[in-house]
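2 protein chains.
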Amino acid sequence: MSRVINGVRNVDPAITEAVNAAIAETGYVPNRAARSLVTGRTFSVALVVSAPDDEPDFDDPFIGRAFADPFFGRIANGALDELTERGVHLILQRVNSAAARAQLIGHLRQGDIDGVLLISVHALDPLPRMLVDQHAAVVLFGRPVDPIAISYVDVAERDGAALAAEHLVSLGCRRVAMICGPLDTPAGGDRLAGFRDAMARHGHPYVPVIEGNFTLDGGESGMLMLLDDEPALDGLFAANDLMAQGALVALREAGKRVPEDVAVVGFDDSSAALAARPQLTTVLQPVEEMAKEMARLLLARIEDDSLPITSVIFDPTLVIRDSA
Amino acid sequence: MSRVINGVRNVDPAITEAVNAAIAETGYVPNRAARSLVTGRTFSVALVVSAPDDEPDFDDPFIGRAFADPFFGRIANGALDELTERGVHLILQRVNSAAARAQLIGHLRQGDIDGVLLISVHALDPLPRMLVDQHAAVVLFGRPVDPIAISYVDVAERDGAALAAEHLVSLGCRRVAMICGPLDTPAGGDRLAGFRDAMARHGHPYVPVIEGNFTLDGGESGMLMLLDDEPALDGLFAANDLMAQGALVALREAGKRVPEDVAVVGFDDSSAALAARPQLTTVLQPVEEMAKEMARLLLARIEDDSLPITSVIFDPTLVIRDSA
DNA sequence: TTGAAAGCGCTAACAG
DNA sequence: CTGTTAGCGCTTTCAA
Numbered sequence: 006m007s008r009v010i011n012g013v014r015n016v017d018p019a020i021t022e023a024v025n026a027a028i029a030e031t032g033y034v035p036n037r038a039a040r041s042l043v044t045g046r047t048f049s050v051a052l053v054v055s056a057p058d059d060e061p062d063f064d065d066p067f068i069g070r071a072f073a074d075p076f077f078g079r080i081a082n083g084a085l086d087e088l089t090e091r092g093v094h095l096i097l098q099r100v101n102s103a104a105a106r107a108q109l110i111g112h113l114r115q116g117d118i119d120g121v122l123l124i125s126v127h128a129l130d131p132l133p134r135m136l137v138d139q140h141a142a143v144v145l146f147g148r149p150v151d152p153i154a155i156s157y158v159d160v161a162e163r164d165g166a167a168l169a170a171e172h173l174v175s176l177g178c179r180r181v182a183m184i185c186g187p188l189d190t191p192a193g194g195d196r197l198a199g200f201r202d203a204m205a206r207h208g209h210p211y212v213p214v215i216e217g218n219f220t221l222d223g224g225e226s227g228m229l230m231l232l233d234d235e236p237a238l239d240g241l242f243a244a245n246d247l248m249a250q251g252a253l254v255a256l257r258e259a260g261k262r263v264p265e266d267v268a269v270v271g272f273d274d275s276s277a278a279l280a281a282r283p284q285l286t287t288v289l290q291p292v293e294e295m296a297k298e299m300a301r302l303l304l305a306r307i308e309d310d311s312l313p314i315t316s317v318i319f320d321p322t323l324v325i326r327d328s329a
Numbered sequence: 006m007s008r009v010i011n012g013v014r015n016v017d018p019a020i021t022e023a024v025n026a027a028i029a030e031t032g033y034v035p036n037r038a039a040r041s042l043v044t045g046r047t048f049s050v051a052l053v054v055s056a057p058d059d060e061p062d063f064d065d066p067f068i069g070r071a072f073a074d075p076f077f078g079r080i081a082n083g084a085l086d087e088l089t090e091r092g093v094h095l096i097l098q099r100v101n102s103a104a105a106r107a108q109l110i111g112h113l114r115q116g117d118i119d120g121v122l123l124i125s126v127h128a129l130d131p132l133p134r135m136l137v138d139q140h141a142a143v144v145l146f147g148r149p150v151d152p153i154a155i156s157y158v159d160v161a162e163r164d165g166a167a168l169a170a171e172h173l174v175s176l177g178c179r180r181v182a183m184i185c186g187p188l189d190t191p192a193g194g195d196r197l198a199g200f201r202d203a204m205a206r207h208g209h210p211y212v213p214v215i216e217g218n219f220t221l222d223g224g225e226s227g228m229l230m231l232l233d234d235e236p237a238l239d240g241l242f243a244a245n246d247l248m249a250q251g252a253l254v255a256l257r258e259a260g261k262r263v264p265e266d267v268a269v270v271g272f273d274d275s276s277a278a279l280a281a282r283p284q285l286t287t288v289l290q291p292v293e294e295m296a297k298e299m300a301r302l303l304l305a306r307i308e309d310d311s312l313p314i315t316s317v318i319f320d321p322t323l324v325i326r327d328s329a
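Protein chains in written order, with the numbering used here: chain G, 6 to 329; chain H, 6 to 329.
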């Protein structure tokens, strides 16, 4: 019976058929708990959003934002695509305290969860390293801040930034600035480095830069400062769409037309890119595909824990709309 | 041991303390599978997003949007708040086919999942009724389209719309229009009815209305049509923030100043309200609190399935910003 | 090839 | 008040 369900060994075709018929008739579904108890696997993985330690406050700008961020939903969506097909449950977890971290490790060690898809939203997060030290099955979204032995998926950040640079240059922009992300995050640093390199290659060794924080307000105030220093600006690259959207607001208030006076390129191709007016030309990250790959890597690792650490890097694409 | 963990019966305080100390030291976590097997409960509930049957396409406007919608994240966040505290896992599920519905029912009947927090995003969804027919433990976000015996949480839609109406009237608006939501959804119909009633009570029996679809584009084109019919408009209520944001775009292009020429009020207090310029005056739905209550209702129902069907209605609040 | 039996880690019932 | 024991439903040995 158990044998025919799991397709193990050679079984008499007649009995196989009989069992299958009975299953079909009864609507039998095996009990996951019982199966888990003996196999030691639960066939469920956690999608954990790890944020700085904080009060569980709804207005908390970090963890609250992480969940409300469309990005999170896109990752969940992509991962689910692979997991549902394989019959694996996706468990949502928010981790923002030492207690929560300990609990997560406990779940893993206890075998309540087979592995973790990790979204870590701040630079000093101890969780990635903790998970690695536990030899847990983990895949990270984005390159880790410290070079630890962890599998991850990422987009080729520098290439994406270069795409933006080349587009701005090809448009004939002469004075181009950038609003970058927090420099203590990989995405912050890489997008800046990639942009600077590409601009330099195209004969623009100097690029004024303001450090933003990936928020709309940050983009707006960053743009104001940039305009103050360099009123003749004719091109801008923002390290994400939200900041680009904020920059658009500042530009409009300053009486600048986009893209005629200033061309603006964002990053992510998030819903903000569509909501902005003019709609943003931006660098697309294939988030759903990346999340799907995360799930694949994790499942493979769970089935064979001797598998090597792997990272998969995806190519970004330039999506041309109205802002540049 | 089992007794102290589950807080059952009177146990010697000394031994209780000893066990707790050991637990704290070892980082012991009870095995859920084993517990499930004997109790018949899994201590996990599903958060299911039910959408029209569709290809699992990333560009799919419905299910893709549902997950990427910040609303979804806010619900997950609120529910998690209650569930983590009670040690219950939240499993994410996307249901958009007959097969997926059957699978969900199977999980429920098999006891792989104790109950369902349901977000149903379209009018003809058969899932709510199916779940009720199965006597499953379910709580719906928002009033059901058909009057079926299902527990749910909702915001007092009509009161929220009335809040918007009263604000617009108090501002001295004389010619007020509305962009409502799809009339085959409760939120669509109720916000319209509530707004009309309140306007009529304040001496404005006639309110021009355009039906939108809750999207930014819908708000933009709706506003254009409204302006066409009634160029002297001086007030607008949009049934959600996204449409209000779209209306703002159309208004700006038409050369109207907001709020000087036209006052605009939205609904939801979503991130769009903050992203819009001017920032939106809007009706706040306490989504996280609502989701928390959903979790509470569901857990109570799981523990005692003789509990009556319950609905909890939350009061909306007017958040005054710059658009009205 | 197949039947039988031994647990997986827990809870609940039952003695002590 | 506390120790012991019988399973929960499955997979996986081990015999036959």
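For glycine and all other residues, C-beta sits at the position ideal for the given N, C-alpha and C.
Note that this is a predicted model, so its numbers are computed, not measured.
1. Of the residues that make up the segment 79 to 96 of chain G, which ones have a beta carbon closer than 8 Å to any beta carbon in chain H?
2. Alpha carbon to alpha carbon, how far is Leu-289 (chain G) from Pro-213 (chain H)?
3. On the three-pair Cβ rule with 8 Å, is the segment 168 to 188 of chain G touching the segment 234 to 251 of chain G?
4. I want to see whether chain H comes within less than 8 Å of Gly-111 (chain G), judged by CB atoms only; does it?
5. Throw me the rounded Cβ distance for the Phe-272 (chain H) and Ala-296 (chain H) pair, which I believe falls under 8 Å.
6. Helix, strand or coil: how does DSSP classify Glu-235 (chain G) here?
7. Which residues of the segment 272 to 290 of chain H have a Cβ closer than 8 Å to any Cβ of chain G? Give them in chain order.
8. I need the boundaries of the beta strand (DSSP E) containing Ala-161 (chain H), first residue and last residue.
9. Hey, would you say Pro-321 (chain H) sits closer than 8 Å to Val-174 (chain H), going by beta carbons?
10. Using 10 angstroms around the beta-carbon of Thr-44 (chain H), count the other beta-carbons present and answer buried if the total reaches 16, otherwise exposed.
11. Would you check if there are 3 or more beta carbon pairs closer than 8 Å linking the segment 248 to 258 of chain H to the segment 214 to 228 of chain H?
12. Quick one: what does DSSP say Glu-265 (chain H) is sitting in, helix, strand or coil?
13. Using 10 angstroms around the beta-carbon of Leu-312 (chain G), count the other beta-carbons present and answer buried if the total reaches 16, otherwise exposed.
14. How about the segment 25 to 34 of chain G and the segment 106 to 117 of chain H: do they share at least three Cβ pairs that are nearer than 8 Å?
15. Give the secondary structure of Ser-175 (chain G) by DSSP, where H, G and I count as helix, E and B as strand, and everything else as coil.
16. What's the C-alpha gap between Met-204 (chain G) and Arg-163 (chain G)?
17. Output, in chain order, the set of chain G residues within a Cβ distance shorter than 8 Å of Asn-36 (chain H).
18. Mind listing the chain G neighbours of Arg-206 (chain H)? Cutoff is C-beta to C-beta under 8 Å, in chain order.
19. When you check each C-beta in the segment 238 to 258 of chain H against every C-beta of chain G, which residues fall closer than 7 Å?
20. What are the residues in the segment 134 to 151 of chain H lying within 7 Å of chain G by C-beta distance?
21. For chain H, is any of its Cβ atoms less than 8 Å away from the one on Arg-99 (chain G)?
22. Would you call the CB atoms of Val-53 (chain G) and Leu-95 (chain G) closer than 8 Å?
23. With contact counted as at least three CB pairs below 8 Å, one residue from each stretch, are the segment 187 to 196 of chain H and the segment 279 to 287 of chain H in contact?
24. Tell me the DSSP bridge mates of Leu-145 (chain G)?
25. For Val-267 (chain G), which residues of its own chain have a beta-carbon under 8 Å away from its beta-carbon, when the five flanking residues on both sides are left out?
26. Put Phe-319 (chain H) into one of helix, strand or coil per three-state DSSP.
27. Between Ala-142 (chain H) and Leu-85 (chain H), what straight-line distance do the alpha-carbon atoms span, to the nearest angstrom?
28. Considering Cα atoms alone, identify which of G:Gly-120, G:Glu-30, G:Thr-21 is closest to Ile-307 (chain G).
29. If distances are taken between C-alpha atoms only, which option among H:Val-324, H:Ala-300, H:Phe-319, H:Asp-327 comes closest to Val-144 (chain H)?
30. Which of helix, strand or coil does DSSP assign to Phe-219 (chain G)?
31. Going by DSSP in three states, Thr-89 (chain H) sits in which element: helix, strand or coil?
32. Name, please, each residue of chain G whose Cβ falls closer than 8 Å to the Cβ of Leu-221 (chain H).
33. Mapping the DSSP letters down to three states, classify Thr-190 (chain H) as helix, strand or coil.
34. With 8 Å as the threshold, decide whether the Cβ of Phe-319 (chain G) is near any Cβ in chain H.
35. From the DSSP output, in three-state form, read off Ser-49 (chain G) for me.
36. Might you give, ordered along the chain, the residues of its own chain that have their beta carbon closer than 6 Å to the beta carbon of Phe-156 (chain H), omitting 5 neighbours on each side?
So, to answer that:
1. For the segment 79 to 96 of chain G, which is checked against every Cβ of chain H, the residues closer than 8 Å are Arg-79, Ala-81, Asn-82, Gly-83, Leu-85, Asp-86, Thr-89, His-94, Leu-95, Ile-96.
2. Counting only the Cα atoms, Pro-213 (chain H) lies some 40 Å from Leu-289 (chain G).
3. By the criterion of at least three beta-carbon pairs nearer than 8 Å, the segment 168 to 188 of chain G is in contact with the segment 234 to 251 of chain G.
4. Closer than 8 Å: yes.
5. No, Phe-272 (chain H) and Ala-296 (chain H) are not in contact; Cβ-Cβ is about 18 Å, not under 8 Å.
6. The answer is coil: DSSP assigns Glu-235 (chain G) none of H, G, I, E or B.
7. Those residues of the segment 272 to 290 of chain H placed with their C-beta closer than 8 Å to a C-beta in chain G are Ser-276, Ala-277, Leu-279, Ala-280, Arg-282, ordered along the chain.
8. Taken as a continuous stretch (DSSP letters only), Ala-161 (chain H) belongs to no beta strand (DSSP E), as it is neither H nor E.
9. A distance of 8 Å or more separates the beta carbons of Pro-321 (chain H) and Val-174 (chain H).
10. Exposed is the call here.
11. Yes, the segment 248 to 258 of chain H is in contact with the segment 214 to 228 of chain H.
12. Three-state result, Glu-265 (chain H): coil.
13. Leu-312 (chain G) comes out exposed.
14. With a cut-off of 8 Å, the segment 106 to 117 of chain H and the segment 25 to 34 of chain G count as touching, because enough Cβ pairs lie within range.
15. Collapsing the DSSP output to three states places Ser-175 (chain G) in a helix.
16. Between Met-204 (chain G) and Arg-163 (chain G), the C-alpha separation is close to 12 Å.
17. The answer, in chain order, is Leu-42, Gln-115, Gly-116, Asp-117.
18. Going along chain G, no residue has its Cβ under 8 Å from Arg-206 (chain H), so there is no contact; the nearest lies around 34 Å.
19. Contact annotation: in the segment 238 to 258 of chain H, residues whose CB is within less than 7 Å of a CB in chain G are Gln-250, Val-254.
20. So the list is empty, because no residue satisfies the distance condition.
21. Arg-99 (chain G) counts as touching chain H.
22. 8 Å or more divides the Cβ of Val-53 (chain G) from the Cβ of Leu-95 (chain G).
23. Contact between the segment 187 to 196 of chain H and the segment 279 to 287 of chain H is absent, because fewer than three Cβ pairs lie under 8 Å.
24. In the DSSP output, where bridge partners are listed per residue, Leu-145 (chain G) has G:Leu-123, G:Tyr-157.
25. Cβ within range, chain order: Leu-238, Asp-239, Gly-240, Leu-241, Leu-256, Lys-261.
26. Residue state, collapsed to three classes: strand.
27. In this model, Ala-142 (chain H) and Leu-85 (chain H) are separated by some 18 Å (Cα to Cα).
28. Closest by C-alpha distance to Ile-307 (chain G), out of G:Gly-120, G:Glu-30, G:Thr-21, is G:Gly-120.
29. If we check each option's Cα against that of Val-144 (chain H), H:Ala-300 comes out closest.
30. If DSSP states are grouped into helix, strand and coil, Phe-219 (chain G) belongs with coil.
31. Collapsing the DSSP output to three states places Thr-89 (chain H) in a helix.
32. Those are Leu-279, Ala-280, listed as they occur along chain G.
33. DSSP places Thr-190 (chain H) in coil when its eight states are reduced to three.
34. By the rule that beta-carbons nearer than 8 Å mark a contact, Phe-319 (chain G) does not touch chain H.
35. Ser-49 (chain G) falls in the strand class under three-state DSSP.
36. For clarity, residue 156 (chain H) is Ser in the given sequence; the question names Phe instead. Val-144, Leu-302, Ile-314, Thr-315, listed in sequence order.
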